[in-house]
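Chemist: The structure is given below, and queries will be raised subsequently.
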Amino acid sequence: MIGGLNIGEIHRLTGNDDIVGRQEDVWLHLADSEVSRRHAEFEQTDGAIHVRDLGSTNGTFVNGEQITDHQLAEGDKIRIGATTLRFSYLDDIDRTFLDQMYKSAVRDGLTGASNRKHFIERLDGEFAFAERHNTSVLLVMFDIDNFKHVNDTWGHLAGDHVIATLAQRAMNMIRREDVLGRYGGDEFGLISRDINLTDGGAFANRIRVAIDKTEFMWEKDRLPVTVSMGVASSLTSGISDAKALLAAADAALYTAKQQGRNQVTFHGSDEPLAQPSKPADKSTRH
Numbered sequence: 011m012i013g014g015l016n017i018g019e020i021h022r023l024t025g026n027d028d029i030v031g032r033q034e035d036v037w038l039h040l041a042d043s044e045v046s047r048r049h050a051e052f053e054q055t056d057g058a059i060h061v062r063d064l065g066s067t068n069g070t071f072v073n074g075e076q077i078t079d080h081q082l083a084e085g086d087k088i089r090i091g092a093t094t095l096r097f098s099y100l101d102d103i104d105r106t107f108l109d110q111m112y113k114s115a116v117r118d119g120l121t122g123a124s125n126r127k128h129f130i131e132r133l134d135g136e137f138a139f140a141e142r143h144n145t146s147v148l149l150v151m152f153d154i155d156n157f158k159h160v161n162d163t164w165g166h167l168a169g170d171h172v173i174a175t176l177a178q179r180a181m182n183m184i185r186r187e188d189v190l191g192r193y194g195g196d197e198f199g200l201i202s203r204d205i206n207l208t209d210g211g212a213f214a215n216r217i218r219v220a221i222d223k224t225e226f227m228w229e230k231d232r233l234p235v236t237v238s239m240g241v242a243s244s245l246t247s248g249i250s251d252a253k254a255l256l257a258a259a260d261a262a263l264y265t266a267k268q269q270g271r272n273q274v275t276f277h278g279s280d281e282p283l284a285q286p287s288k289p290a291d292k293s294t295r296h
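Sequence positions in the sequence shown follow this note's numbering and run 11 to 296.
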């Protein structure tokens, strides 16, 4: 991809139902209102690769020209909605190299989540996308409660284990189009497109509960791990850009910390969405 929200991603044609669209089970899913559910298809015919429009609403373009069926050549640029793809023939060595370069540029080495730089870039892009399409973007910022205690008691290797396990638990729960990023240390951010504040808060709380119920083990000890979360929406009055959205979610996270931790708090509200009925010490040492 050379244009759109996922610049740098590489997608290998399979030769079988390589369909691009908004539908979640297609080969290349694009969460874009300008993209039809089944928008276009890449197909191999007589040794050549063709891109074919599937009767989409907004059309498929190759090198700036709208097409119905087009035989692709090296370097052709295909535009579908807000995404631009560059067609290229790559051998396995080239593809592996480019994949590794992409991952090192955008992924956090410990968790596999987006790194801070890529996360901020995606937040900027998602906010701009939401404004253009009159939709919303939700941001959840969260970090681990009393994480210093884990590091001081069990060591930094145990702390790294907690961070990596927590990130994987969260990534297993989010939607395909959501973006989880490691913002720094034990702090994470979650970007969710086109979801309202109420549903987004409930979604964040499901992640909080799942983490609360997860057994984080180090050697023979169960580690005490909970998270506090702050939730903010681009539709909230006074939030005019991605920087303001980030500040709002961070402020809500701070409120959650001040009110006792292990809870979800909305920006602009002092009332937590949910929290445990009573605090519990989950640490167990053998």
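For glycine and all other residues, C-beta sits at the position ideal for the given N, C-alpha and C.
(1) Any contact of the stretch 87-106 with the stretch 149-165, i.e. 3+ C-beta pairs under 8 angstroms?
(2) Let's see if you can read the secondary structure: which residues bound the alpha helix (DSSP H) around S263?
(3) Could you check what DSSP says for F114 in three-state terms: helix, strand or coil?
(4) Alpha carbon to alpha carbon, how far is I173 from G270?
(5) D134 bridges to which residues according to DSSP?
(6) Taking only the alpha-carbon atoms, compute the straight-line gap between G14 and R232 and give it to the nearest angstrom.
(7) Within 10 angstroms of the Cβ of T121, are there 16 or more other Cβ atoms? Answer buried if so, exposed if not.
(8) Write down every uninterrupted run of the beta strand (DSSP E) in the stretch 205-236 whose length is 3 residues or greater and which is fully enclosed by it, in chain order.
(9) Mind pulling the alpha helix (DSSP H) runs of 4 or more residues that sit fully within the stretch 70-125?
(10) Give the straight-line distance between the Cα atoms of R62 and H49, rounded to the nearest whole angstrom.
(11) Excluding the five sequence neighbours on either side, which residues of its own chain have a C-beta within less than 7 angstroms of the C-beta of A266, listed in chain order?
(12) Tell me which same chain residues have a C-beta within less than 8 angstroms of the C-beta of E51, skipping the five on either side of it?
(13) Label L23 either buried or exposed according to how many other C-beta atoms from any shown protein chain fall within 10 Å of its C-beta, with 16 as the threshold for buried.
(14) In chain order, what residues of the same chain have a beta carbon less than 6 angstroms from the beta carbon of W164, not counting five sequence neighbours either side?
(15) Just to confirm my understanding: we take R132, look at its own chain, exclude 5 residues before and 5 after, and list those with CB closer than 8 angstroms. What are they?
(16) Pull the bridge partners of I154 from the DSSP assignment, please.
(17) Enumerate in chain order the residues of its own chain whose CB-to-CB distance from I184 is below 7 angstroms, with the five nearest sequence positions on each side excluded.
(18) How big is the Cα-Cα spacing for A262 and V235?
(19) Taking contact to mean 3 or more Cβ pairs, one atom from each stretch, closer than 8 angstroms, check whether the stretch 205-220 and the stretch 240-250 are in contact.
(20) So, are the CB atoms of I59 and T70 less than 9 angstroms apart?
(21) Among residues of its own chain, excluding the 5 on either side of A83, which ones have a beta-carbon nearer than 8 angstroms to its beta-carbon?
(22) Between A168 and T94, what straight-line distance do the alpha-carbon atoms span, to the nearest angstrom?
(23) A252 and F137 look like a contact to me (Cβ under 8 angstroms); what is the Cβ gap, rounded to whole Å?
(24) Compare the beta carbon distance of F129 and A92 with 9 angstroms and say whether it is the shorter of the two.
Modeler: Let's see:
(1) no
(2) The residue labelled residue 263 in the question sits at position 253 within the sequence shown. Residue identity differs from the one stated: residue 263 is Leu in this sequence, not Ser. Counting along the chain, L263 sits inside the alpha helix (DSSP H) bounded by residues A252 to Q268.
(3) Stepping through the sequence shown from its first residue, residue 114 is reached at position 104. The question names Phe, but residue 114 in the sequence shown is Ser. Reduced to three states, the DSSP call for S114 is helix.
(4) The count along the sequence shown starts at 1 and reaches residue 173 at position 163. The count along the sequence shown starts at 1 and reaches residue 270 at position 260. Those two C-alpha atoms are separated by around 21 angstroms.
(5) Residue 134 sits at position 124 when you count from the first residue of the sequence shown. Bridge partners of D134: none, in fact.
(6) Counting from one through the sequence shown, the residue named residue 14 turns up at place 4. Counting from one through the sequence shown, the residue named residue 232 turns up at place 222. Those two C-alpha atoms are separated by around 43 angstroms.
(7) The residue you call residue 121 lines up with position 111 of the sequence shown. That one is buried.
(8) 226-228 and 231-233
(9) 102-116
(10) Stepping through the sequence shown from its first residue, residue 62 is reached at position 52. Stepping through the sequence shown from its first residue, residue 49 is reached at position 39. Each residue's alpha carbon lies about 9 angstroms from the other.
(11) Here residue 266 corresponds to residue number 256 of the sequence shown, with the count starting at 1. Hits under 7 angstroms: S238, M239, G240, Q273, V274, T275 and P282.
(12) Translated into positions along the sequence shown, residue 51 becomes position 41. Here the set comprises D27, D28, I29, V30, V61, R62 and L64.
(13) Within the sequence shown, the letter at position 13 stands for residue 23. Its Cβ having fewer than 16 others within 10 Å, L23 is exposed.
(14) Numbered from its first residue, the sequence shown carries residue 164 at position 154. Counting only Cβ-Cβ distances below 6 angstroms, and skipping sequence neighbours, we find W228.
(15) As a first step, residue 132 is located in the sequence shown; it is residue number 122 there, counting from the start. Answer for R132: L15, S124, V189, G191 and I201, listed in chain order.
(16) If you number the sequence shown from 1, residue 154 lands on position 144. BP columns for I154 point to V237.
(17) Along the sequence shown, one-based indexing puts residue 184 at 174. Only L190 and L200 meet the Cβ criterion.
(18) The count along the sequence shown starts at 1 and reaches residue 262 at position 252. The count along the sequence shown starts at 1 and reaches residue 235 at position 225. Rounded to whole angstroms, A262 to V235 spans 20 angstroms at the Cα level.
(19) yes
(20) Indexing the sequence shown from 1 puts residue 59 at position 49. Indexing the sequence shown from 1 puts residue 70 at position 60. It is not a contact, given that the beta carbons lie outside the stated cut-off.
(21) Here residue 83 refers to the residue found at position 73 of the sequence shown. Contacts found: F97.
(22) The residue you call residue 168 lines up with position 158 of the sequence shown. The residue you call residue 94 lines up with position 84 of the sequence shown. So the two alpha carbons sit approximately 42 angstroms from each other.
(23) In the sequence shown, the residue the question calls residue 252 occupies position 242. In the sequence shown, the residue the question calls residue 137 occupies position 127. Confirmed, about 4 angstroms.
(24) Along the sequence shown, one-based indexing puts residue 129 at 119. Along the sequence shown, one-based indexing puts residue 92 at 82. Cβ atoms of F129 and A92: not closer than 9 angstroms.
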